[in-house]
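What follows is a single structure, written as C-alpha cells, with notes after it.
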Amino acid sequence: MQTQKVIVFSDIHITAPAREGQADPERRLRAGLAHMQAVISDADLVVICGDLTHHGDEASYRRLKPVIDGLDLPVLLMLGNHDDRGAFCGVFTDAPVDGDGFVQRVVALGEWRLIALDTLTVRREGEEFTHAGELCARRLAWLDAQLSAAGDSPCIVAMHHPAHDTGFAAMDSIKLREGEAFYDLIARHGNVRHIIAGHIHRTISGTHRGVPFSIFKSSVGQMPLAFEGTDTAIECDEPPAFGIVLLRGDDVLVHTEDYVVG
Ligand SMILES: [Fe+2]
Ligand SMILES: [Fe+2]
0 MQTQKVIVFS DIHITAPARE GQADPERRLR AGLAHMQAVI SDADLVVICG DLTHHGDEAS
60 YRRLKPVIDG LDLPVLLMLG NHDDRGAFCG VFTDAPVDGD GFVQRVVALG EWRLIALDTL
120 TVRREGEEFT HAGELCARRL AWLDAQLSAA GDSPCIVAMH HPAHDTGFAA MDSIKLREGE
180 AFYDLIARHG NVRHIIAGHI HRTISGTHRG VPFSIFKSSV GQMPLAFEGT DTAIECDEPP
240 AFGIVLLRGD DVLVHTEDYV VG
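Number 246 in numbering that gives the first Met the number 0 belongs to position 247 of the sequence shown; there are no gaps in the numbering.
Printed below as a string of C-alpha cells:
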C-alpha cells in the first residue's frame, strides 16, 4: 500500500532583518528543514501553513524565497493573518492563485486531495484590521467546487486559521469568522477526512462536528498553556516542531517531531 507523506511546518514568521533580541526565524526554519531532511528522505510534499512572514513585507518574502528554492521537494506555501497577499505574490510570482486572486490550490496525493485555503482577511477601506480569519463567499464557492470535483476521493483541508474554538480564549477571538458556514459546506460533501491548521503555535488535536483536526506548532515561539489569557502574542520557549501526516489507504496518521535549533 502506497503511503503519501506530507510534512507540515507552520507559523514561520520570517522577518528581514531578524527581530531584535530574538532568535532569527529564518535560522529556526532552516534548522527545522535540515532536521526534516535528516530524518525523512521520502516526503511527497512540504506544506507551510501560513504566517510565512511576521510583517507581510516584501523584504521578508525575499528572505524566505531562497530557503524554499533550495529545497528539492514540492512546497505548498499558504497565507496567514501576518501575511500580505500582494507582497507574497510579488516575490513568489509562480504561486498558484485562484480566479479571484486568492492563494488557494489543490494537490493530488495518490487517491487523496489536499485542498489549501487562503483564510487571510481582505483589508477593506473603512474596516479595522483584524487578525481573525476569513472565508468570504467567493472562497467558500471555490472550496465547494473543489470538493465537488474531488467526488469520492478523500480530502484533507489545510487552512491557517482553525474554524472552531481551541480552548485558548485569546486565540479563539481571532479564529476563522465563517466557521459554521465552512463546516456546513464540508458536511454537505462528506469527503473531508481531516483538517490541518496553524495559527495557535501549539500542538492540538481533536474533532469538531465529527471531523478530526490537527494543529501544529510554530518554528518560532510557542503558545504557553494559558487557556484564559487575553494576549494573542504571548510566547514561551518550548522546542519547535513540524508535523508528519501519513496518508495510507483510508487512514490519516499524524505525528509531530520536535527539533533543536543550535
Ligand atoms: Fe502565527
Ligand atoms: Fe496566525
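Using N, Cα and C, we set each Cβ at its ideal position, and we do this for glycine too.
DSSP places residue 238 outside any alpha helix (DSSP H), giving it a letter other than H or E. Residue nearest to residue 81 within the set 148, 199, 98 is 199 (criterion: CA-CA distance). Residue 213: member of the beta strand (DSSP E) spanning 210 to 214, first to last residue.
Around the CB of residue 120, 16 or more other CB atoms lie within 10 Å, so the residue is classed as buried. With a threshold of 8 Å, the Cβ atom of residue 50 counts as near ligand 1, since some heavy atom of the ligand is closer than that.
Beta-bridge partners assigned by DSSP to residue 104: 115.
Ranked by Cα distance from residue 158, the first of 188, 186, 196 is 196.
Cα atoms of residue 235 and residue 148: separation of roughly 42 Å, rounded to the nearest angstrom. For residue 88, the secondary structure class from DSSP, reduced to helix, strand or coil, is helix. For the options 39, 184, 111, 9, the alpha carbon positioned closest to that of residue 135 is the one of 184.
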